[in-house]
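Numbering (my numbering), first residue to last: 11 to 268.
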């Protein structure tokens, strides 16, 4: 997904970087398949540092694009790191406590998962052993994700050999307490949201939009959540909107001189 978006953005004349977060894919770090919002936010900042070291990159004109859950991580990075001058999201998963309860079965279910995650974390710190569940399994309520195998259960889409179908149980405590929308009041850079009423958490986009003080725009499109990952014409339409946003916001002299 990230590679596809980076490729298409590069084809429009931008220098684009897609990378695996620590604990995932070809990047290092232990434990593997550990979903840590705090680590991912720091990794985005590290990516900015790397980009600024490249002679082909204007260090004062760096923007951040994020799809799905990475939108929340990017939002916090943008709020905390003034080197990121423009922000765009596609099919953003922007959660807070209320939406977490709705998605994960209510307050008691969320509390139980958090406690399970904390116990798994203590076990790892004491023994070095990591508890895992399936990241996706169609009919498994204990998996991190379940439901129809439209993307993660499809080997022609998300279920590729490079993706390990497991989820470190210790992730629950950090993930379920992560608040994407709390970053909004500190996001002052030009921001674009590309979303759909049929994608994940459209109300999260509305809440973030309402709370953030900076220049902002929402483009509502047709499509389901997974359509924006790799399906046409959804990806190309999103890319068109995102590249137009970056061309305008990153060539603004006021932005580039900050």
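Note that the Cβ used here is the ideal one computed from N, Cα and C, for glycine as well.
Please state whether DSSP places residue i in a helix, a strand or coil.
i           : result
residue 186 : coil
residue 221 : helix
residue 260 : helix
residue 76  : strand
residue 97  : strand
residue 66  : coil
residue 14  : helix
residue 194 : helix
residue 178 : strand
residue 204 : strand
Can you check whether the CB of residue j is closer than 7 Å to the CB of residue i?
i           : j           : result
residue 127 : residue 58  : no
residue 222 : residue 194 : yes
residue 191 : residue 106 : yes
residue 260 : residue 96  : yes
residue 236 : residue 161 : yes
residue 168 : residue 198 : no
residue 182 : residue 123 : yes
Comparing alpha-carbon positions, which option in the options lies nearest residue i?
i           : options           : result
residue 48  : 31, 35, 212       : 31
residue 230 : 212, 151, 44, 183 : 212
residue 202 : 99, 25, 66        : 99
residue 132 : 225, 239, 41, 33  : 41
residue 110 : 246, 189, 260     : 189
residue 92  : 69, 116, 123, 81  : 69
residue 88  : 183, 73, 205      : 73
residue 77  : 25, 13, 34        : 13
residue 150 : 210, 228, 175     : 175
If we count the other Cβ atoms within 10 Å of its Cβ and call it buried at 16 or more, is residue i buried or exposed?
i           : result
residue 186 : buried
residue 266 : Confidence is the limiting factor: at residue 266 the pLDDT is only 41, short of 50, which leaves the residue's position unreliable, though a coordinate-based value still follows. Exposed, by the Cβ-count rule.
residue 170 : exposed
residue 45  : buried
residue 165 : exposed
What separation, rounded to the nearest whole angstrom, lies between the Cα atoms of residue i and residue j?
i           : j           : result
residue 84  : residue 155 : 22 Å
residue 218 : residue 54  : 20 Å
residue 241 : residue 102 : 16 Å
residue 251 : residue 210 : 19 Å
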